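Chains E and A, in that order, are what the protein sequence lines are. All letters in the first sequence, in the order written, are residues 14 to 231 by this note's numbering. All letters in the second sequence, in the order written, are residues 4 to 245 by this note's numbering. Below: one structure, written as structure tokens.
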Amino acid sequence: MNGFFEYVGTCMPQLLVGMKLTIIMTFLALILAVVIGLVACLFSISKVKPLNWLSGIYLSVIRGTPLLVQAFFIYFGLTSALGLRIPAFNAAIIVLCLNAGAYLSEIFRSGIAAVNKGQMEAARSLGLPYGVAMRKIILPQAIRIVIPSVLNQFIITLKDTSILSVIGCGELMRQGQMIVARNFRSFETYAIIAVMYYVVVIFLTKVFQMVERRLANK
Amino acid sequence: MIKVKVEQLKKSFGSLEVLKGIDLEVKEGEVVCLIGPSGSGKSTFLRCLNKLEETTAGTVIVDDNDITDPKCNINKVRENIGMVFQQFNLFPHLNVLENIMLAPVDRKKLTKEEAKVTAERLLAAVGLAEKAGEYPPNLSGGQQQRVAIARALAMNPDIMLFDEPTSALDPEMVGEVLEVMKQLARDGMTMIVVTHEMGFAREVADRVIFMDGGYIVEQGTPAEVFGNPQNKRTQDFLNKVL
């Protein structure tokens, strides 16, 4: 047992570097995904048909293909077809934010649909144009409705970052693989990694629950 | 002066024709009450007057603007048409004052201070000066509806549309809302009111219109329509509700 704790101590610095990158990737991807999701959502509820189609294609492609395939396609496929090289980190962020953006778009759409139809009518009846009514009346209410689902997507994306280890992005899972490649101690190493993900996810879940309670009381 | 002029207005939802050719003129300062059984098209007709419903055929002219013309700037026209809904539709994330100030600040480019002065005056007029900082869910139905009236008036409209404004209220709150509406009528506002409050229609309306099956069946002064209805369907309806 002593040996195990000693082992934890030796590989922890490298794993913490990975964890830090995992968290940075998650935040960065989610911020971009919120923007993409919002645009895709507004496209999908727009009255302009081509915009509907555009977001429809995007959503069905992302939802219809595995994240792993998306990562390979963008990092290896697309870059070689276009003849350019992008760092694994950038590719990982692109894949993650496109992926989470699609799911967030559906979350936002359901949130907007959950706002009473009369709200839009009241806003429009006062002479507010559609965009203003959306921004000042509908979205503020929709955001409050979707916060729990968005926070849930945050946790999903955090765990999804591990898949990006396959394209050589040095996040937590990748660091673990590198350690195992050196010492073959796969049981202990992956157990440590699982616990690290678990602790972070549970911690975030608790924080999010607190946020949700705050909002509910408001 | 004619404020609203409707000619051969038709409205269908899919294959269901709800309005089958409505003609109506409303003069400035006139109070018109629309009565009739549910499903007769009263609310749909009212909602066509500010284009919350797209019309299928016919013309609707409000303040000399043909709002059935696709080139018409409907937002501009709506600034002059206040609307009060059955379900109040106050904005729950804004307090009472913010609800009233939002449109004047955004559309009429008033400063916050100017809009606040107007909002407070209107709140006082509907008897809710002390509720300025409250959020709508904390108000009773009657209070919410009075705020909704103040919100519509803040744009300084010259026509007010009321879509069954007391139908969602507890009985003891109906009076306070009707009182505000009566005051508005006395002040000379042009009002078109869909209502089941026959007492209100009798007392306040200049003209009562009975609708049934997508048509205007009968219209006249309250004394004519309530006292001596000519059409069989009007008689049947009034017998049931009075």
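A virtual CB, placed ideally from N, CA and C, is assigned to each residue, including glycine. Being a predicted model, the structure only gives us computed values, none of them experimental.
Check whether residue i and residue j have beta carbons under 9 angstroms apart
{"i": "Ile-219(A)", "j": "Ile-162(A)", "result": "no"}
{"i": "Ala-106(A)", "j": "Arg-149(A)", "result": "no"}
{"i": "Ala-208(A)", "j": "Pro-232(A)", "result": "no"}
{"i": "Glu-82(A)", "j": "Leu-139(E)", "result": "yes"}
{"i": "Pro-168(A)", "j": "Thr-198(A)", "result": "yes"}
{"i": "Met-184(A)", "j": "Ile-38(A)", "result": "no"}
{"i": "Gly-114(E)", "j": "Val-163(E)", "result": "no"}
{"i": "Asn-92(A)", "j": "Gln-132(E)", "result": "yes"}
{"i": "Ala-42(E)", "j": "Thr-202(E)", "result": "no"}
{"i": "Thr-59(A)", "j": "Glu-10(A)", "result": "no"}
{"i": "Glu-184(E)", "j": "Gly-31(E)", "result": "yes"}
{"i": "Gln-154(E)", "j": "Pro-95(A)", "result": "yes"}
{"i": "Val-99(A)", "j": "Ala-135(A)", "result": "yes"}
{"i": "Leu-117(E)", "j": "Cys-24(E)", "result": "no"}
{"i": "Gly-144(E)", "j": "Leu-28(E)", "result": "no"}
{"i": "Ala-146(E)", "j": "Ala-136(E)", "result": "yes"}
{"i": "Phe-203(A)", "j": "Leu-181(A)", "result": "yes"}
Neighbourhood of residue i by C-beta, 6 angstroms cutoff - its chain only, sequence neighbours within 5 removed
{"i": "Leu-45(E)", "result": "Cys-110"}
{"i": "Lys-8(A)", "result": "Glu-28 and Ile-64"}
{"i": "Phe-88(A)", "result": "Asp-166"}
{"i": "Leu-72(E)", "result": "Ala-115"}
Straight-line gap, residue i to residue j (C-alpha atoms, nearest Å)
{"i": "Val-74(E)", "j": "Asp-166(A)", "result": "45 angstroms"}
{"i": "Leu-217(E)", "j": "Val-208(E)", "result": "14 angstroms"}
{"i": "Leu-241(A)", "j": "Phe-229(A)", "result": "7 angstroms"}
{"i": "Val-159(E)", "j": "Leu-152(E)", "result": "10 angstroms"}
{"i": "Ala-104(E)", "j": "Tyr-88(E)", "result": "6 angstroms"}
{"i": "Glu-133(A)", "j": "Ile-150(E)", "result": "24 angstroms"}
{"i": "Lys-219(E)", "j": "Met-191(E)", "result": "31 angstroms"}
{"i": "Val-211(A)", "j": "Pro-40(A)", "result": "14 angstroms"}
{"i": "Thr-193(A)", "j": "Ala-157(A)", "result": "15 angstroms"}
{"i": "Gln-97(A)", "j": "Met-201(A)", "result": "First, the amino acid is wrong: residue 97(A) is Leu here, not Gln. If I take the Cα positions, the gap works out to 34 angstroms."}
{"i": "Arg-50(A)", "j": "Gln-238(A)", "result": "26 angstroms"}
{"i": "Phe-121(E)", "j": "Phe-200(E)", "result": "41 angstroms"}
{"i": "Phe-56(E)", "j": "Val-193(E)", "result": "46 angstroms"}
{"i": "Glu-116(A)", "j": "Leu-125(A)", "result": "14 angstroms"}
{"i": "Lys-23(A)", "j": "Lys-30(A)", "result": "23 angstroms"}
{"i": "Arg-110(A)", "j": "Lys-54(A)", "result": "18 angstroms"}
{"i": "Leu-12(A)", "j": "Glu-33(A)", "result": "21 angstroms"}
{"i": "Asp-26(A)", "j": "Glu-101(A)", "result": "38 angstroms"}
Chain E contact for residue i (CB, 9 angstroms cutoff)
{"i": "Glu-167(A)", "result": "no"}
{"i": "Asn-98(A)", "result": "no"}
{"i": "Asn-53(A)", "result": "yes"}
{"i": "Asn-68(A)", "result": "no"}
{"i": "Leu-27(A)", "result": "no"}
{"i": "Gln-90(A)", "result": "yes"}
{"i": "Asn-78(A)", "result": "yes"}
{"i": "Arg-154(A)", "result": "yes"}
{"i": "Asp-109(A)", "result": "yes"}
{"i": "Ile-84(A)", "result": "yes"}
{"i": "Leu-105(A)", "result": "yes"}
{"i": "Met-176(A)", "result": "no"}
is_contact[residue i, chain A] using C-beta, thresh 9 angstroms
{"i": "Pro-26(E)", "result": "no"}
{"i": "Ala-237(E)", "result": "Outside the displayed range of chain E (14 to 231) lies residue 237(E), so it cannot be described from this structure."}
{"i": "Pro-161(E)", "result": "no"}
{"i": "Gly-124(E)", "result": "no"}
{"i": "Ser-199(E)", "result": "no"}
{"i": "Gln-188(E)", "result": "no"}
{"i": "Ser-138(E)", "result": "yes"}
{"i": "Ile-150(E)", "result": "yes"}
{"i": "Leu-141(E)", "result": "yes"}
{"i": "Gln-222(E)", "result": "no"}
{"i": "Arg-227(E)", "result": "no"}
{"i": "Gly-131(E)", "result": "yes"}
Proximal residues to residue i (C-beta, below 8 angstroms), its chain only, five neighbours per side dropped
{"i": "Lys-172(E)", "result": "Tyr-210 and Val-214"}
{"i": "Glu-206(A)", "result": "Lys-185 and Pro-225"}
{"i": "Asp-69(A)", "result": "Thr-62, Val-63 and Cys-75"}
{"i": "Ser-43(A)", "result": "Met-214, Asp-215, Gly-216 and Gly-217"}
{"i": "Gly-130(A)", "result": "Arg-149, Glu-179 and Val-183"}
{"i": "Gln-83(E)", "result": "Ile-75, Val-108, Leu-111 and Asn-112"}
Close Cβ partners of residue i (< 7 angstroms) along its chain, the five nearest in sequence each way excluded
{"i": "Val-80(A)", "result": "Val-65, Asp-66, Asn-68 and Ile-70"}
{"i": "Val-21(E)", "result": "Ile-205"}
{"i": "Leu-67(E)", "result": "Phe-56"}
{"i": "Leu-228(E)", "result": "Arg-157 and Ile-160"}
{"i": "Gln-146(A)", "result": "Leu-131 and Lys-134"}
{"i": "Asp-173(A)", "result": "Gly-144"}
Report task. Name, going along the chain, the residues of the segment 46–60 of chain E whose beta-carbon falls closer than 7 angstroms to a beta-carbon of chain D. Result -> In the structure shown, chain D cannot be found, because the protein chains are E and A.
Query raised in the report: Can you list the beta strand (DSSP E) stretches of 3 or more residues lying completely in the segment 162–229 of chain A, in chain order?
Result: Runs of the beta strand (DSSP E) inside the segment 162–229 of chain A: 162–166, 193–197, 210–215 and 218–223.
**Report entry** Contained alpha helix (DSSP H) runs [length at least 4] in the segment 37–98 of chain E, N- to C-terminal order
**Finding:** 62–77, 80–85 and 92–95
Query raised in the report: What are the uninterrupted segments assigned as alpha helix (DSSP H) that are 4 or more residues long and contained completely in the segment 135–179 of chain E, given in chain order?
Result: As summarised for the segment 135–179 of chain E, the continuous alpha helix (DSSP H) elements at least 4 residues long and confined to that stretch are 143–146 and 152–173, given in chain order.
**Report entry** Any alpha helix (DSSP H) of 4 or more consecutive residues that is wholly inside the segment 56–126 of chain A
**Finding:** 77–81 and 99–110
Query raised in the report: Which residue spans inside the segment 130–159 of chain A form an unbroken alpha helix (DSSP H) run of at least 4?
Result: 144–156
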